[in-house]
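Novice: Residue numbers for the sequence shown, in this note's numbering: 5 to 361. All residues carry an ideal CB built from backbone N, CA and C; glycine is no exception.
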Amino acid sequence: MNSHNAYLYDKTSLKNGSTKMSLTKIITSKFLSFSSPPLISIIWLCLSNVYAQNSLVDTYPNKPIRIVVPVAAGGNVDIVARAVANELTKSWGQSVIVENRPSAASLVGTIAVAHALPDGYTLLASSSTFFSAAAILNNPGYDPIKDFAPVSLTCKVPMLMMAHPSMAVKNVMDVVNLAKSHPGEVSNASSGNGSTGHIASEVFASKAGIKFLNVFYKGNAQAMVDVIGGQANMIFDQISTAGLQYKSGKLNALAITSLKRSPLYPDIPTISESGYPGYEDVTLNFILAPAGTPKEITNKLNKEIQKILKQPEIVSKFSEKGIELVSSQSTDEFGAVMKSEVDRLVKLVKSAGIKPE
5 MNSHNAYLYD KTSLKNGSTK MSLTKIITSK FLSFSSPPLI SIIWLCLSNV
55 YAQNSLVDTY PNKPIRIVVP VAAGGNVDIV ARAVANELTK SWGQSVIVEN
105 RPSAASLVGT IAVAHALPDG YTLLASSSTF FSAAAILNNP GYDPIKDFAP
155 VSLTCKVPML MMAHPSMAVK NVMDVVNLAK SHPGEVSNAS SGNGSTGHIA
205 SEVFASKAGI KFLNVFYKGN AQAMVDVIGG QANMIFDQIS TAGLQYKSGK
255 LNALAITSLK RSPLYPDIPT ISESGYPGYE DVTLNFILAP AGTPKEITNK
305 LNKEIQKILK QPEIVSKFSE KGIELVSSQS TDEFGAVMKS EVDRLVKLVK
355 SAGIKPE
C-alpha cells in the first residue's frame with residue numbers, strides 16, 4: 005500500500021458502522037507508521053467520534069426514558085404524553101415513564117429538564133405555556149431556544165371560555181358588559197402567570213377593553229375545581245377537559261378560541277364571530293429534549309413520534325376529545341416553529357400590555 009492510498013478508507017464502511025475495520029487498516033498502514041503522532045491522534049479521534057455516534061443511535065434506548073410533564077395529571081399535555089410513552093414502550097421494549105411535576109406556569113418541571121443530562125433519557129412534554137411564560141416572566145429560569153433541543157409537535161388544542169352558572173352571562177358580550185360595569189372584579193382562574201389560559205384571557209381582555217382579576221394556581225385541574233365550586237368566575241381551558249364540564253352542566257361554555265367552531269360542540273360560537281374578529285388562541289403541545297442531546301437521538305424520537313401520531317386508532321381516540329394530533333416532519337421543522345412562537349408571543353405580550361413579572 006503506497007503512502008497516498010494508505011490513509012484512504014471505504015466511506016461506505018463508516019455508514020455501515022464498520023469503523024473499527026477501516027481504522028485497523030489505517031493504523032497498520034505504512035502511511036501512519038511514518039506520520040506524526042498528532043496526525044494519528046486526530047484521525048483516531050475523528051473516527052472514534054463517528055463510531056460512537058453510530059453506536060449511540062443503534063443502542064438507544066438501552067434503559068428507561070423519563071418524560072417530565074410540568075402540569076398535573078389529567079390534562080391534555082398529560083394524556084397525550086402518556087399515549088406517546090405507551091407506544092414508545094411497545095415499540096422499543098424499554099419503559100417510558102411519565103413523571104408529573106406541576107407548578108405555576110410549568111416552571112419546576114421545565115427547569116428540571118433544562119438542567120438534565122442531554123442523553124435522550126429525560127424529555128419534556130409541554131404546551132404553549134413553555135413559550136408564553138418565557139415571554140412574560142422576567143426570570144423564568146430557562147431560555148426556550150438555548151436550553152432545549154426540538155423533537156416534535158404532538159397536538160393542537162383550542163380552548164373554551166367557561167363561566168360558572170351563577171354568573172349572569174350567556175355569551176361573550178355579556179362578559180364584556182359585566183366586566184366593564186364591575187372593573188377588576190370578574191375573576192379568571194388559570195395555571196399561573198404566562199400560562200395558556202392566562203395569555204388567552206389577557207389577549208381577549210385587551211381586545212375587549214376590560215380587566216380580569218387573575219387568580220393563579222399550580223395547575224389547570226386545581227383552577228377548574230375552584231371555578232366549578234364558584235370560588236372563581238371564569239376559566240379559559242383546553243376543550244379536551246373543559247368540554248366535559250360543559251357536557252355535565254357544571255359550567256357554561258360561552259365561546260371557543262379557534263377561528264372555526266368545533267365539530268364536537270357546533271353550538272358553541274367562536275370569540276371571533278362574537279364581536280372580536282380574528283381572535284384565535286390554539287394551544288400547541290410538543291416534546292423537547294435538553295440542549296446538547298445528540299441530533300441522532302432527537303431525530304430517532306421524531307421519526308417514532310410521527311409513526312405513533314398517525315395511527316388511526318390513536319387519532320380517532322383524541323379527535324373525540326377535540327384534540328388534533330400533529331407531528332413535525334423533522335426536528336428542524338419544529339425548531340423553526342419554536343423560534344416563530346417565541347417571536348409571536350413576545351409581540352403578543354407587548355401589544356396586549358401584559359407586564360413581565
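#1: Using C-beta distances below 6 Å, list every residue in its chain close to alanine 137, excluding the 5 sequence neighbours before and after it, in chain order.
#2: Check for me: the alpha helix (DSSP H) holding lysine 325 runs from which residue to which?
#3: Any contact between the region 305-324 and the region 83-94? By contact I mean 3 or more CB pairs, one from each, below 8 Å.
#4: Mind listing, in chain order, the continuous alpha helix (DSSP H) runs of no fewer than 4 residues lying wholly within the region 153-209?
#5: Could you tell me which residues DSSP puts in a beta bridge with glutamine 242?
#6: Distance check for glutamate 345 and glycine 79, CA to CA, integer angstroms please.
#7: Measure the alpha-carbon distance for valine 173 versus leucine 258 and round it to whole angstroms.
#8: Give the secondary structure of proline 316 by DSSP, where H, G and I count as helix, E and B as strand, and everything else as coil.
#9: Provide the residue span of the beta strand (DSSP E) that contains phenylalanine 134, from first to last.
#10: How would you call glycine 253, buried or exposed, if buried means at least 16 neighbouring beta carbons within 10 angstroms?
#11: Going by C-alpha to C-alpha distance, which of Thr200, Gly234, Pro187 sits closest to lysine 222?
#12: Can you give me the C-alpha to C-alpha distance between valine 319 and isoleucine 327, rounded to a whole angstrom?
#13: Expressed to the nearest angstrom, what Euclidean distance is found between the alpha-carbon atoms of histidine 8 and methionine 342?
#14: Per DSSP, arginine 70 forms a beta bridge with which residues?
#15: In the DSSP assignment, find the unbroken beta strand (DSSP E) run with isoleucine 260 in it and report its ends.
#16: On the three-state DSSP scale, how would you describe alanine 293?
#17: Just reading off the beta strand (DSSP E) that asparagine 90 is part of, what are its end residues?
#18: Please state whether the Cβ-Cβ distance between glycine 204 and methionine 171 is less than 9 Å.
#19: By Cβ distance, which residues of its chain are closer than 7 Å to glycine 282, with the 5 residues on each side in sequence left out?
#20: Please look up how many angstroms separate the CB atoms of alanine 193 and valine 231, rounded, as I've assumed it's under 8 Å.
#21: Could you name the residues that DSSP lists as bridge partners for threonine 287?
#22: If you follow the beta strand (DSSP E) that leucine 217 is in, where does it begin and where does it stop?
#23: Which residues mark the beginning and the end of the alpha helix (DSSP H) in which serine 355 is found?
#24: Using 8 Å as the cut-off, can you tell me whether the region 112-121 makes contact with the region 146-165, which would need three or more C-beta pairs spanning the two stretches below that distance?
#25: Considering only the beta carbon of each residue, do serine 4 and leucine 288 sit closer than 9 Å?
#26: Where lysine 15 and tyrosine 269 are concerned, what is the direct C-alpha to C-alpha distance, given to the nearest angstrom?
#27: Please classify lysine 351 as buried or exposed, where buried requires at least 16 other C-beta atoms within 10 Å of its C-beta.
#28: When burial is assigned at 16 or more other CB atoms within 10 Å of the CB, is threonine 63 buried or exposed?
#29: Can the beta-carbon of alanine 3 be found less than 9 Å from the beta-carbon of alanine 87?
#30: May I ask you to report which of helix, strand or coil DSSP gives isoleucine 31?
#31: Quick check on the burial criterion: 16 or more other C-beta atoms within 10 angstroms. Buried or exposed for leucine 27?
#32: Taking all protein chains shown into account, do 16 or more other C-beta atoms lie within 10 angstroms of the C-beta of serine 99, making it buried, or fewer, making it exposed?
#33: How big is the Cα-Cα spacing for valine 286 and phenylalanine 338?
Specialist: Taking the definition as stated:
#1: Ala109, Pro144, Gly198.
#2: Note, lysine 325: premise wrong, no alpha helix (DSSP H); not H, not E.
#3: Yes, they touch.
#4: As far as the region 153-209 is concerned, its whole alpha helix (DSSP H) runs of at least 4 residues are 176-185.
#5: Note: glutamine 242 sits in a beta bridge opposite Met163.
#6: Put simply, the backbone Cα of glycine 79 is about 22 Å away from that of glutamate 345.
#7: So the two alpha carbons sit approximately 8 Å from each other.
#8: In the structure shown, proline 316 falls within a helical segment according to DSSP collapsed to helix, strand and coil.
#9: Where phenylalanine 134 is concerned, there is no enclosing beta strand (DSSP E), although the alpha helix (DSSP H) it sits in stretches over 133-140.
#10: Glycine 253 is exposed by the Cβ-count criterion.
#11: Of the candidates Thr200, Gly234, Pro187, the one whose C-alpha sits nearest the C-alpha of lysine 222 is Thr200.
#12: A straight line joining the alpha-carbon of valine 319 with that of isoleucine 327 spans about 9 Å.
#13: Caution applies to histidine 8, whose pLDDT of 42 falls short of 50 and renders its modelled position unreliable; the value that the coordinates give is listed next. Between the alpha carbons of histidine 8 and methionine 342 lies a distance of about 48 Å.
#14: Its beta-bridge partners are Ile101, Thr126.
#15: It spans 256-260 - the beta strand (DSSP E) in which isoleucine 260 sits, taken as one unbroken run.
#16: Collapsing the DSSP output to three states places alanine 293 in a strand.
#17: Element bounds for asparagine 90: not the beta strand (DSSP E) but the alpha helix (DSSP H), 80-96.
#18: Strictly speaking, residue 204 in this sequence is alanine, with glycine absent from that position. Not in contact: alanine 204 and methionine 171 (Cβ atoms no closer than 9 Å).
#19: The beta carbon of glycine 282 sits closer than 7 Å to the beta carbons of Ser276 from its chain, once the five residues preceding and following it are set aside; these are given in chain order.
#20: Indeed, because the Cβ distance is near 5 Å, the residues count as touching under 8 Å.
#21: In DSSP, threonine 287 forms a bridge with Val161.
#22: Where leucine 217 is concerned, the enclosing beta strand (DSSP E) stretches over 217-220.
#23: From DSSP, the alpha helix (DSSP H) with serine 355 extends over 335-355.
#24: Contact between the region 112-121 and the region 146-165 is established, with three or more Cβ pairs separated by less than 8 Å.
#25: Examination of residue 4 is not possible in this model, given that the chain is present from 5 through 361 alone.
#26: Low confidence applies to lysine 15: its pLDDT is 34, below 50, so where it sits in the model is not reliable, and the reading given next is rough at best. Approximately 58 Å between the Cα atoms of the pair.
#27: In this structure lysine 351 is exposed. Its beta-carbon is surrounded by fewer than 16 other beta-carbon atoms within 10 angstroms.
#28: Counting the other Cβ atoms within 10 Å of the Cβ of threonine 63 gives fewer than 16, which makes it exposed.
#29: The question about residue 3 has no answer here: the residues shown for the chain are numbered 5 through 361.
#30: Caution is warranted here: a pLDDT of 42 is assigned to isoleucine 31, below 50, making its placement in the model unreliable, and the coordinate value is therefore given only provisionally. Isoleucine 31 falls in the helix class under three-state DSSP.
#31: At leucine 27, the pLDDT of 42 sits below 50, so the modelled position is not reliable and the matter cannot be decided from this model.
#32: Burial call: exposed.
#33: Taking the straight line joining both Cα atoms gives about 17 Å.
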